[in-house]
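S.K.: Just so you know, we're using the working numbering here: the sequence shown kicks off at 205 and counts up by one. This is the structure I want to talk about, given as structure tokens.
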Amino acid sequence: MDSDLTNPTNAPSTSDAALSSVSTNSAVPTAAGAIPEPKLLESSTASSSLTKNSAVESIPTSCVFSPSRLRSFHGYRLNPPVNFGLDYRLPEFKFYHSRVVQVGAQQFLIWSPNSLQDPFYPGPYNLNGPVLISPEPAQRRFDGQGGPSDYTKVPQVYQLHRPWLGFILRESKALETDVEYTPVYSVWRDEPGESKEGRLPLPYVEKLVQRNSEMDRDMQFLIKRLGGQRTEFVACRPLVPTNVQLQKLCGIRAYQEAVDTLTELQRGMREKGAWLDMVSFLLHKPLHPEEIHEVQPANDRLLGVWINDANKEDCFWYLLHGAVPCFVIHRLPEAEHVTEDVCLDFFSRTEIEEYVLDARRYLADQVAFRERYRYTATEYNPTPHATLPSNPGGWADLRALLRVRANEILPRDRPRERQSTDERNLLNRRRIMGAMTSPSTTPTGIKFARETRELQDKVLQAKADLEAENVRLGGEVDVDPAHAPWLRPPEIIQAGTGAWTTYREQDDEETGSPFMLELGKKNVARNLGPGEVMFWDRANNRRLIFEGAPDMPSGSWLTTGREFGRPVPKWPFKNAGHMVLREGRWSKWMYATEKPHPADVGRRPLAPDARYLPTVSGGHFEEGKGEWRAR
């Protein structure tokens with residue numbers, strides 16, 4: 205069921221000392237006479253809040269709910285209303301990332317011209333009001349979020365009066381030291397004695413007030429620098445929370461009230477930060493018509509925005525200057541439907557998928573699940589504030605532009621793969637030449653044909669080079685000499701039908717070097733211990749137990765999704781009976797799940813754009829522009 209309820213209880217308490225590390229850095233410096241520099245970094249690893257059981261045990265005993273509540277990610281299984289209008293052509297773009305979702309007899313193409321994210325599509329909820337939080341406590345969520353309509357959790361459909369929402373930072377463990385991203389359970393403290401009450405410590409509340417005051421001062425500074433430009437930014441700017449609202453947090457004694465109140469105030473502070481970032485970027489990089497050029501990679505630390513029905517000026521600025529991840533959805537005509545690599549719901553392959561399927565992997569829910577689980581057959585389905593009608597007519601021009609791209613990226617005879625820029629250009633050139641009734645004899649036509657032949661040779665050579673460089677499983681590929689090598693995963697496979705064997709990480713008693721030891725079927729060590737993690741080698745039907753998630757090979761970079769897995773450490777595999785080194789039987793590639801998603805089987809990634817990899821300078825890796833991750 206999508207509506208697990210619980211009434212949790214106890215765990216040890218913690219002290220206020222940990223609060224001293226909470227960040228209070230201002231989002232925008234206010235040096236006199238200078239336009240504040242945006243606070244956004246070029247790249248970082250955005251991560252989910254997955255934790256071990258030991259983290260749950262440290263939560264105060266007063267972190268309880270009464271009455272029971274909905275799971276944090278309740279409601280994400282519901283199919284949203286879809287609006288796919290877009291009345292203008294986008295600037296030229298070379299990057300393309302997409303997935304196909306099928307709902308009933310309809311298929312939707314979800315894609316981005318500048319981002320590697322696979323976002324959840326929330327539909328046109330809540331275009332003219334606050335986040336949809338139920339007035340009934342039993343219909344609220346464990347972490348205080350507003351579900352699909354929460355603009356701090358998932359990208360929302362563009363809102364004309366709030367174009368800065370795409371600048372909100374994605375949640376990550378690294379951001380939890382910022383007061384507006386700190387989870388409630390990590391700062392909540394038990395009251396002394398046997399009381400079931402708790403509190404938010406005064407030092408934390410003071411830091412919230414200090415941060416909020418800095419944001420308000422920065423807003424006033426930027427309003428002066430706008431000098432009458434974009435007056436709607438000033439009129440619609442976020443004003444909540446106030447310092448008075450934040451100071452009242454000190455009087456809260458019930459954890460459930462703290463979750464609802466603090467989460468709402470943090471949501472407002474995050475929106476203030478997004479407003480500051482967008483206005484700062486706008487002052488540094490205003491959009492001029494003569495600057496309409498190629499779309500640049502987005503900063504995937506940002507949440508992003510669905511640009512269907514977006515204001516053209518804002519949309520172009522997002523793509524060309526703001527580095528905001530932009531996402532588009534449109535309905536595929538029946539003639540363009542695909543049968544392979546299709547998601548059956550909108551949350552598949554998104555960051556929230558694992559939480560929708562198993563809420564116990566999300567710490568806010570683990571806290572609530574400590575005592576027992578309770579289920580209900582009812583579904584809470586909040587009514588959208590707005591359900592926009594479909595607008596296929598407004599999509600016609602862009603759909604015509606994308607039809608060629610969709611056919612290339614979603615071929616009928618193989619899993620979907622992102623083609624290189626040269627491959628797409630070559631295909632377009634071939635179609636142009638194929639439409640000619642006879643070869644052109646003009647100088648321009650002759651030049652076009654010659655360039656097409658040269659491009660064809662370049663594409664064929666690139667494919668040959670790629671195959672030669674990736675002859676072994678998970679081989680490193682030099683996408684560009686100036687960037688770090690890309691570790692190319694093999695195609696996603698299913699496990700065989702044979703029995704599974706289990707291997708556990710061990711240390712050699714003499715050398716201290718790690719190796720993998722095969723365990724017998726009745727060995728109790730086959731069970732996971734505290735802090736241990738398990739991976740699956742589907743090629744050899746092996747379960748691999750590690751003391752912790754193993755490190756990536758030095759200098760190797762993965763830019764693909766988690767479904768593609770990761771390499772197995774190059775450690776010896778030994779038999780449990782005779783401790784004989786089993787040469788040739790070492791595992792090479794492993795996955796985080798035993799079985800792949802049916803739609804993922806056979807997927808094989810192509811090399812990423814070099815801009816998404818770290819650059820190499822003097823033998824050291826430096827952060828390149830755009831998003832890159834080491835896993």
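Cβ atoms here follow ideal geometry from the backbone N, Cα and C, with glycine treated the same way. Computed from a predicted model, the values in this text were never measured in an experiment.
#1: Could you give the first and the last residue of the continuous beta strand (DSSP E) run that contains glutamate 722?
#2: Decide if serine 270 is buried, meaning its Cβ has at least 16 other Cβ atoms within 10 Å, or exposed.
#3: By the DSSP assignment, the alpha helix (DSSP H) with glutamine 470 in it spans what residues?
#4: Considering Cα atoms alone, identify which of Pro328, Pro352, Arg344, Met738 is closest to phenylalanine 551.
#5: Can you tell me which of Gln710, Leu290, Glu713, Leu487 puts its alpha carbon nearest to the alpha carbon of glycine 432?
#6: Using only CA atoms, which one of Asn744, Arg807, Thr715, Ser791 lies nearest to arginine 692?
#7: Apart from the five residues on each side of it in sequence, which residues of its chain come closer than 6 Å, Cβ to Cβ, to lysine 357?
#8: Going by other Cβ atoms of all chains shown within 10 Å of its Cβ, with 16 needed for buried, is aspartate 712 buried or exposed?
#9: Are the segment 459-472 and the segment 435-445 in contact at 8 Å, needing three or more beta carbon pairs?
#10: What number of angstroms, rounded off, separates the C-alpha of valine 391 from the C-alpha of leucine 404?
#11: Beta-carbon within less than 8 Å of isoleucine 511's beta-carbon, same chain only, minus the 5 sequence neighbours each way: which residues are those?
#12: Spatial neighbours of arginine 474 within its chain, please: CB distance less than 6 Å, with the 5 preceding and 5 following residues excluded, ordered by chain position.
#13: So, at 7 Å on beta carbons, what are the nonlocal neighbours of aspartate 569 in its own chain, with the 5 sequence-adjacent residues on each side left out?
#14: Does the segment 408-427 come close enough to the segment 446-465 to have 3 or more Cβ pairs within less than 8 Å?
#15: Secondary structure at lysine 778, three-state DSSP: helix, strand or coil?
#16: What residues match up with methionine 794 in a beta bridge as DSSP calls it?
#17: By DSSP, does arginine 692 sit in helix, in strand, or in coil?
#18: Are the beta-carbon atoms of alanine 478 and tryptophan 368 separated by less than 9 Å?
#19: Does DSSP classify aspartate 661 as helix, strand or coil?
#20: Assuming methionine 794 and arginine 766 form a contact by the criterion Cβ under 8 Å, report the distance between their Cβ atoms to the nearest whole angstrom.
#21: Under a three-way DSSP split, which group does serine 353 fall into?
#22: Candidates Leu364, Phe485, Gln460, Leu561: which alpha carbon is nearest valine 571's?
#23: Tell whether a beta-carbon distance below 9 Å holds between leucine 524 and serine 484.
#24: According to DSSP, valine 413 sits in a beta bridge with which residue or residues?
#25: Less than 9 Å separating the beta-carbons of valine 305 and isoleucine 314?
#26: Tell me where the beta strand (DSSP E) around cysteine 519 begins and ends.
#27: Does the Cβ-Cβ distance between asparagine 283 and aspartate 545 come in under 9 Å?
#28: Tell me which residues share the same chain as lysine 489 and place their Cβ nearer than 6 Å to its Cβ, disregarding the 5 neighbours each side in the sequence.
#29: State the beta-bridge partners of isoleucine 533 as determined by DSSP.
M.R.: By the coordinates alone:
#1: In the sequence shown, residue 722 corresponds to position 518, counting from 1. Unbroken beta strand (DSSP E) run through glutamate 722: 718-723.
#2: On the sequence shown, position 66 is the one that residue 270 refers to. The residue in question, serine 270, is exposed, as its Cβ has fewer than 16 Cβ neighbours within 10 Å.
#3: By one-based count along the sequence shown, residue 470 stands at place 266. It spans 459-488 - the alpha helix (DSSP H) in which glutamine 470 sits, taken as one unbroken run.
#4: The count along the sequence shown starts at 1 and reaches residue 551 at position 347. Checked all of Pro328, Pro352, Arg344, Met738; the closest Cα to phenylalanine 551 is Pro352.
#5: Counting from one through the sequence shown, the residue named residue 432 turns up at place 228. Minimum Cα distance to glycine 432 is reached at Leu487.
#6: Stepping through the sequence shown from its first residue, residue 692 is reached at position 488. For arginine 692, the nearest C-alpha among the options comes from Arg807.
#7: Mapped onto the sequence shown, residue 357 falls at position 153. Cβ within range, chain order: Gln349.
#8: As a first step, residue 712 is located in the sequence shown; it is residue number 508 there, counting from the start. So aspartate 712 ends up on the exposed side.
#9: yes
#10: Indexing the sequence shown from 1 puts residue 391 at position 187. Indexing the sequence shown from 1 puts residue 404 at position 200. One C-alpha to the other measures close to 6 Å.
#11: Taking the sequence shown and counting its residues from 1, one reaches residue 511 at position 307. Cβ within range, chain order: Leu290, Tyr362, Cys519, Tyr522, Cys530, Phe531, Val532.
#12: Within the sequence shown, the letter at position 270 stands for residue 474. Thr356, Ile372, Glu384, listed in sequence order.
#13: Translated into positions along the sequence shown, residue 569 becomes position 365. Excluding sequence neighbours, aspartate 569 sits near Arg275, Ser276, Phe346, Ala563.
#14: yes
#15: Your numbering for residue 778 matches position 574 in the sequence shown. Three-state DSSP puts lysine 778 in a strand.
#16: One-based indexing of the sequence shown puts residue 794 at position 590. DSSP, once it has assigned bridges, lists Arg770 as partnering methionine 794.
#17: What you label residue 692 is simply residue 488 of the sequence shown in a count that begins at 1. Arginine 692: coil per DSSP, three-state reduction.
#18: Your numbering for residue 478 matches position 274 in the sequence shown. Your numbering for residue 368 matches position 164 in the sequence shown. In this structure, tryptophan 368 lies closer than 9 Å to alanine 478 by Cβ.
#19: Stepping through the sequence shown from its first residue, residue 661 is reached at position 457. Note: aspartate 661 maps to helix in three-state DSSP.
#20: On the sequence shown, position 590 is the one that residue 794 refers to. On the sequence shown, position 562 is the one that residue 766 refers to. Wrong, their Cβ atoms sit about 12 Å apart, outside the cutoff.
#21: For this step, residue 353 is matched to residue 149 along the sequence shown. Of the three classes helix, strand and coil, the one that applies to serine 353 here is helix, per DSSP.
#22: Here residue 571 refers to the residue found at position 367 when the sequence shown is read from its first residue. The candidate whose alpha carbon is nearest that of valine 571 is Gln460.
#23: To locate residue 524, count along the sequence shown from 1; it is residue 320. To locate residue 484, count along the sequence shown from 1; it is residue 280. It is not a contact, given that the beta carbons lie outside the stated cut-off.
#24: The residue you call residue 413 lines up with position 209 of the sequence shown. Paired residues: none, contrary to the question.
#25: Locating residue 305 in the sequence shown gives position 101, where the first residue counts as 1. Locating residue 314 in the sequence shown gives position 110, where the first residue counts as 1. Contact flag set, yes.
#26: Here the question's residue 519 lines up with position 315 in the sequence shown. No beta strand (DSSP E) holds cysteine 519; the alpha helix (DSSP H) holding it covers 516-521.
#27: Counted from its first residue, the sequence shown places residue 283 at position 79. Counted from its first residue, the sequence shown places residue 545 at position 341. Taking 9 Å as the Cβ cut-off, asparagine 283 and aspartate 545 do not qualify as a contacting pair.
#28: Stepping through the sequence shown from its first residue, residue 489 is reached at position 285. So the list reads His525, once near-sequence residues are dropped.
#29: Position 329 of the sequence shown holds residue 533. Partner(s): Ile314.
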